[in-house]
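Take the sequence shown: its letters are residues 1 to 170, numbered as in full-length UniProt numbering.
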Amino acid sequence: MKLGRIAFATILGLFLVVSCGEEKKEKKGFSYERTSETKTESTSESDVADLTITGNDLMKFNKSELKAKAGQKVKITLRHIGKADKMVMGHNVVILKPGTDVAAFAGKAAMSKDNDYIPEGTTDVVAHTKMIGGGETAVVEFTAPEAGEYDFICSFPGHFGMMKGKFIVE
Ligand SMILES: [Cu+2]
């Protein structure tokens, strides 16, 4: 049963790789759907909070809330679904410790271009993804801290006003 599924996934994978080159859309609509179905099935372990959030060229996250349980493994996948370059419309997800002055943090982050817009030596950050541009994906894995509400933002200069939300640990 499990083997069958793996084989199926492998064949699908091969098919995708082979068909990827030429026709972009036609064939793939179907196979993409099947692949994502297989994926959700195989990652449904409840000890991992598998969270996905997207950012776009309009400076927006698609979610304002992310949830996990204290001590749980957390995997946050950030997908930039826009087309703009990282230098122009870069996005990341930065989770801040409770009590952090978000505006002050964002100000420091904006001046930390050389450090991927994370203030060097900061103690305000629980976890963060790297900064990405259109079409890219970034993943960060960490253990959920103690219960509480944590602000998350994109720390690209000027983005935190629009790109923000709460990481809620229960
Ligand atoms: Cu951003």
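By construction, the Cβ of each residue, glycine as well, lies at the ideal position given by its N, Cα and C atoms. These numbers come from a predicted model, not from an experiment.
Asked: In chain order, what residues of the same chain have a beta carbon less than 6 Å from the beta carbon of F167, not counting five sequence neighbours either side?; Found: L66, I95, Y150 and F152
Asked: Can you check the region 79-136 for any alpha helix (DSSP H) of at least 4 residues that lies completely inside it and give the ranges in chain order?; Found: 86-89 and 102-110
Asked: T137: buried (16+ other C-beta within 10 angstroms of its C-beta) or exposed?; Found: exposed
Asked: Measure the Cβ-Cβ separation of T90 and G133 and say whether it is below 8 Å.; Found: The identity of residue 90 in the sequence shown is Gly, whereas the question assumes Thr. Contact: yes.
Asked: Going by beta carbon distance, what residues of the same chain come within less than 7 Å of M162, once the five residues before and after it are set aside?; Found: M59 and K60
Asked: Please classify V139 as buried or exposed, where buried requires at least 16 neighbouring CB atoms within 10 angstroms.; Found: exposed
Asked: Any idea what DSSP makes of I153, helix, strand or coil?; Found: strand
Asked: Excluding the 5 residues flanking V48 on each side, which residues of the same chain have their C-beta closer than 8 Å to its C-beta?; Found: Q72, K73, V74 and K75
Asked: Excluding the 5 residues preceding and the 5 following C154 in the sequence, name in chain order all residues of the same chain whose CB lies nearer than 6 Å to its CB.; Found: H91, N92 and M163
Asked: Count the other C-beta atoms from every protein chain shown that fall within 10 angstroms of the C-beta of A70, then say buried if there are 16 or more, exposed otherwise.; Found: exposed
Asked: Given a cut-off of 8 Å on the beta-carbon distance, is the pair V169 and E146 in contact?; Found: yes
Asked: With a 10 Å radius around its C-beta and 16 neighbouring C-beta atoms as the bar for buried, classify residue 259 as buried or exposed.; Found: The shown model of the chain, from 1 to 170, leaves out residue 259, and the question about it has no answer.
Asked: In whole angstroms, what is the alpha-carbon distance linking A127 and A104?; Found: 18 Å
Asked: Between I53 and the rest of its own chain, which residues show a CB-CB distance below 6 Å, the 5 nearest in sequence each way excluded?; Found: F61, K63 and L78
Asked: Can you give me the C-alpha to C-alpha distance between A144 and E120, rounded to a whole angstrom?; Found: 22 Å
Asked: At a cut-off of 7 Å, is M87 close to ligand 1 when judged by its beta-carbon and the heavy atoms of the ligand?; Found: no
Asked: Is G55 near ligand 1, with its Cβ less than 7 Å from a heavy atom?; Found: yes
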